[in-house]
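Reading through the structure tokens given below for one structure.
Number of protein chains: 2
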Amino acid sequence: MGRAMGLAGLLLGLVVVPAVLVSTSLRHGAPRAGAEPEPSDWEVAADAVPEDSLWPLPQWVRTYSRQLQLAPGRFQLVHGAGSSAGPGCGLLQDAFRRYYEYMFGHSRRRTRSRRPLAARAEPELFQLQVVIEAGDPGCDRHPQLTSSEAYHLTVTEPVAILKAYEVWGALRGLETFSQLVHEDDYGSFLVNESEINDFPRFAHRGVLLDTSRHYLPLKSILTNLDAMAFNKFNVLHWHIVDDQSFPYQSIYFPELSDKGAYSSNLIYTPTDVHLVIEYARLRGIRVIPEFDTPGHTQSWGKGQKDLLTPCYNGEQPTGSFGPVNPVWNTTYDFMTKFFKEISSVFPDEFIHLGGDEVDFSCWKSNPEVKKFMKKQGFGTDYAKLESYYVQNIVDIVSSYNKGQMVWQEVFDHKAQLKPDTVVQVWMASNYAHELSSVTGAGFTTILSAPWYLDYISYGQDWKKYYSVEPLNFPGTEKQKKLVIGGEACLWGEFVDATNLTPRLWPRASAVGERLWSSSNVTNLQDAYKRLTNHRCRMLRRGIAAEPVFVGYCAHEGRAP
Amino acid sequence: MGRAMGLAGLLLGLVVVPAVLVSTSLRHGAPRAGAEPEPSDWEVAADAVPEDSLWPLPQWVRTYSRQLQLAPGRFQLVHGAGSSAGPGCGLLQDAFRRYYEYMFGHSRRRTRSRRPLAARAEPELFQLQVVIEAGDPGCDRHPQLTSSEAYHLTVTEPVAILKAYEVWGALRGLETFSQLVHEDDYGSFLVNESEINDFPRFAHRGVLLDTSRHYLPLKSILTNLDAMAFNKFNVLHWHIVDDQSFPYQSIYFPELSDKGAYSSNLIYTPTDVHLVIEYARLRGIRVIPEFDTPGHTQSWGKGQKDLLTPCYNGEQPTGSFGPVNPVWNTTYDFMTKFFKEISSVFPDEFIHLGGDEVDFSCWKSNPEVKKFMKKQGFGTDYAKLESYYVQNIVDIVSSYNKGQMVWQEVFDHKAQLKPDTVVQVWMASNYAHELSSVTGAGFTTILSAPWYLDYISYGQDWKKYYSVEPLNFPGTEKQKKLVIGGEACLWGEFVDATNLTPRLWPRASAVGERLWSSSNVTNLQDAYKRLTNHRCRMLRRGIAAEPVFVGYCAHEGRAP
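If you read the sequences in order, they're chains S and B.
Per our numbering, the very first residue in the first sequence carries number 649; after that it's consecutive.
Per our numbering, the very first residue in the second sequence carries number 649; after that it's consecutive.
This is the structure in structure tokens:
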């Protein structure tokens, strides 16, 4: 083996295209007050962006200067000796095809002649052998919060070996291996001899998509799942319905989407939902649906009579409706049946129950609700009524053996939650304090507050997302362990299929690395270089990720 | 004829799809400090967005409630009696085909059955007759600052008549007519009887694209020209080169792009440039190239030796370079030849000479420059040196009978400008004062300062752009007349083909209406409705314009 290099050497060693540095004067005036700080001088833009570099950075990497060559016509992704998975493992077979295509597919479409392999000095890498070590590799299962995503990758002549306990780790390792392979100026595919030991820092690494404010075509969701896999995200938080529309086509209650969707064509049929779940599963991504109640439910009321609370003006109903009506038994009859369906349609162990931003004004106006408050001894504390409602829903969903996720207000309003409830922290003001409180009470939590990617601003805001340290809050070691991850949220008020991809990527990549890589991976200058390259790689793979800054991608500069 | 309606009636009359209003609660927390104000209560989002409504609003509109039906198989766009243009007018023939496609093309791709025409009560509109009144219709010419874009449109049974003095007005009228035609729920095409008298408020209505910070593929530029035509913009300000790259392939100096482009494939060949100009011409859009000097020229230095100023550290050259060297004759020899080419390649009467953000530090360090300053009696006022340089360039370009545009610093630094120079105001701080000064000195001006669309922010920032009144500065009537228009600028630091279209549209549409429509068209609520519809229309026509707010477009809700 060649000379071992440290992290700095790794990064230098991977830059194979000479980078000509240009100064980065920003044209035409300073940004507005409140905007992100401008790119500073050290941020030099590489003229030609090289095609490799790892994102998110693995936990432990050793890269050697010795390069191996891959011949697209000969190179194979195969099951290794001793693996519990074999050709019958559809999930891995599919992944092998996919990653072969990512590594070599685009080159076939170019006509540029290539130096014959024999003319090169580099020895050849013939195979990547994938070995799954668990007795049951998990090929037909769904990923879970507790799934193992760890893997060990060694790239040496003549074969590379990828070992993982479960298939989920193999998927992450395949992504990493594909990122190591790069194409030189002559069209040859090369990989440095390397050894990588890797595992995620946090178990829950999510992206929230909102299909209620705007309908997202199936294709947009699937493309996003591809991008998530490239960034080692493992949860799609599907905020599927809200006030504005109800695109989920329910089997038991088809009127919900018949009347609550924007249009009868702008819905997700059971087939669509199944396709999203399966496409995600094949990429090691869980799909957690959110059916947010009792607030954010205007669209539910269109297809389900007597579900929402009638608002009153004095003695008179106003004709408008508030949150779900928490006082009628019919509400819970409906929810029992509805969540039975949801529990069966979505295989994930968790369902997100929402519970945020409940507006009490309509409840306060309603005579029946007021009577109920009195009877229950809630006084005028409507947070108690909210908690009463939520506890009923929690009990219903628990009876289907599902875990629950909720927005932070549910915790703040002191609902009795099951011990394994995941509390999602979203309010930007003093979220560190909230993390302290939630974990102090013994609940697991995920962080979203600093990662609302719908809040756009001028410049390289990825740095702001990148610089968040999720465990930077007052608390014991035990409390810190209760932070199981985070989510990048792209709310849909101003997002649809026209702008989703470039608005989300590569900004969400910054969150992806923060949640996967070691806490000491914080160097912005190094991250800038790798992210720029990673964005070009996403572009090559069909993700219209927006540019990080000035420059161009090496593949854009090649003859078409 | 039916009942005449005022503006309010027009707007109501045009909304043919019932709009169900939903409340627009904004999810999940307030935007950050400094962000735009939130959508207020009056901003109700139409659930189904109707497919018509005019943008930009014409100067004078009368619409009648009587509807006419158009049969796609029979309806014709033709040259009217007395028109100086006929089938030999390629520009109009091309426009006829294009607008036929915009009006009816998408319907052919749908299979939904249609009520037979005979079953409808509405009388039929058989033709749009286009009459050009000038002796020379201008079919083969290029649009100019002084071109007439006025038109008069009457839509009555059985034929509509579009009268314009020149073809440029006909193009604007065709756009308006196509916006009047709408499709009902049964797939019938309808137009209200109408009369429209229209002309632009400002003669120069531009969009700036920057192809130096990121290369924009030809297709992105052409798509943007389509969108510009839909919004009645008439100038593409092509900021074609800058520090970062020199993609313009010069005929006389091919090394400029050979060495200064990001890559030899990321260039605009003479054929490409010609194609952009012709595509723009067919849409009544001028192409004004900007070759910004003496600053913003780092990329020029790569392919043209001894053009930039060598910077010094004391007695020693540092190896880096500053702005164009203003003291050598070879500089002006080069510029004479270079601008001769540019004057010939770009047919527009104007060339933009840049002149912004000249950094004096390198000039100050250079012994030869210092000597020259002394000789010229400039003292230490390097603005005088800048003006000296600019005046030389102005003289060169004037000798080719080209008018000049410059950024505001050139005026501020007191260069001797030709009387017809157009000064572009871009600095956001107190631009009203700058407009006063520039027009007070008798120069024509265009405004860009409040319309830097690369500065993105959360929410409906189009309102901010829309609410600008370009003539709201201290000055006489004569001064106000010198404001000939404005430009929406999309600088390219963070923009390339992945995000250009949704970032620019429909935000630039707000600028488009401000520059075309009457100064009293300022109602945000009305503009919101029309802009939402207009954005859906752009989407139908293949422009991936981002959503204005929550909701969906009627065409998205139809069966595919």
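Virtual Cβ for every residue (Gly too), placed ideally from N, Cα, C.
For clarity, every value in this text was computed on a predicted model and none was experimentally measured.
{"Check": "P1010/B in three-state terms, based on DSSP", "Outcome": "First, the residue type needs correcting, since residue 1010/B is Cys and not Pro in the sequence shown. Helix at C1010/B."}
{"Check": "Delimiting residues of the beta strand (DSSP E) encompassing F998/S", "Outcome": "F998 to H1000"}
{"Check": "Those residues which DSSP pairs with E772/S across a bridge", "Outcome": "Q717/S"}
{"Check": "Same chain only: Cβ atoms within 7 Å of N1120/B, ignoring 5 sequence neighbours per side", "Outcome": "A1080"}
{"Check": "Contact with chain B by E1141/S, beta-carbon distance below 7 Å", "Outcome": "yes"}
{"Check": "Members of the segment 1120-1151 of chain S that neighbour chain B once the beta carbon cut-off is set at 7 Å", "Outcome": "W1139, E1141, F1142, D1144, T1146, N1147 and P1150"}
{"Check": "9 Å Cβ cut-off: residues of chain S touching N913/B", "Outcome": "E1204, G1205, R1206, A1207 and P1208"}
{"Check": "Nearest residue (CA-CA) to A1063/B, options M983/B, I1094/B, V1086/B and R722/B", "Outcome": "V1086/B"}
{"Check": "Neighbouring residues, chain B, relative to Q715/S (Cβ below 7 Å)", "Outcome": "Those within 7 Å of Q715/S in chain B number zero; the least Cβ separation is about 24 Å."}
{"Check": "In DSSP terms, what W886/B is bridged to", "Outcome": "L857/B and P937/B"}
{"Check": "Meets three-Cβ-pair contact criterion under 8 Å: the segment 813-822 of chain S and the segment 709-723 of chain S", "Outcome": "no"}
{"Check": "Beta-carbon proximity check, D996/S vs R929/S, cutoff 7 Å", "Outcome": "no"}
{"Check": "Distance, S991/B Cα to P918/B Cα", "Outcome": "13 Å"}
{"Check": "Bridge-paired residues (DSSP) for E926/S", "Outcome": "For E926/S, which the question treats as bridged, DSSP gives no partner whatsoever."}
{"Check": "Inter-residue spacing [alpha-carbon to alpha-carbon] between G943/S and S1009/S", "Outcome": "12 Å"}
{"Check": "Contacting residues, own chain, Cβ-Cβ under 6 Å from F744/S (five flanking each side not counted)", "Outcome": "L725"}
{"Check": "C-beta neighbour in chain S for A1291/B, strict 7 Å", "Outcome": "Residue 1291/B falls outside the range modelled here, since chain B spans only 649 to 1208, and no answer is possible."}
{"Check": "Sufficient close CB pairs (3 or more, under 8 Å) joining the segment 1022-1036 of chain B to the segment 958-970 of chain B", "Outcome": "no"}
{"Check": "Sequence-distant residues of the same chain with beta carbon closer than 7 Å to A733/B, five excluded per side", "Outcome": "H727, L740, I780, P785, C787 and V815"}
{"Check": "Minimum Cβ-Cβ distance from R861/S to chain B less than 7 Å", "Outcome": "yes"}
{"Check": "C-alpha distance - E1005/S paired with T941/S, whole-angstrom precision", "Outcome": "10 Å"}
{"Check": "Sub-7 Å separation of G908/S and K953/S beta-carbons", "Outcome": "no"}
{"Check": "Classification of Y1024/B by the beta-carbon crowding that lies within 10 angstroms, buried from 16 upward", "Outcome": "For clarity, residue 1024/B is Gln in the given sequence; the question names Tyr instead. Exposed."}
{"Check": "is_contact[E1194/B, chain S] using C-beta, thresh 7 Å", "Outcome": "yes"}
{"Check": "Cutoff 7 Å: Y1200/B Cβ touching any chain A Cβ", "Outcome": "Absent from the structure is chain A; the protein chains it does hold are S and B."}
{"Check": "F1197/S versus K1112/S: straight-line alpha-carbon distance, rounded", "Outcome": "15 Å"}
{"Check": "Outcome for A1207/B when other beta-carbon atoms lying within 10 angstroms are tallied against a minimum of 16", "Outcome": "exposed"}
{"Check": "Burial state of A1193/S, where buried means 16 or more other Cβ atoms lie within 10 Å", "Outcome": "buried"}
{"Check": "C1184/S - DSSP class collapsed to helix/strand/coil", "Outcome": "helix"}
{"Check": "Any 3 or more C-beta pairs closer than 8 Å across the segment 861-869 of chain B and the segment 1135-1142 of chain B", "Outcome": "yes"}
{"Check": "A808/S to M1053/S span [Cα, whole Å]", "Outcome": "40 Å"}
{"Check": "Whole-angstrom distance between D1102/B and T979/S, CA atom to CA atom", "Outcome": "48 Å"}
{"Check": "Beta-carbon proximity check, N869/B vs V924/B, cutoff 7 Å", "Outcome": "According to the sequence provided, residue 869/B is Ile. The question's Asn does not apply to it. In contact: I869/B and V924/B (Cβ atoms closer than 7 Å)."}
{"Check": "Minimum Cβ-Cβ distance from I1104/B to chain S less than 7 Å", "Outcome": "yes"}
{"Check": "Same chain, Cβ closer than 8 Å to A1089/S, neighbours up to 5 away in sequence not counted", "Outcome": "F1059"}
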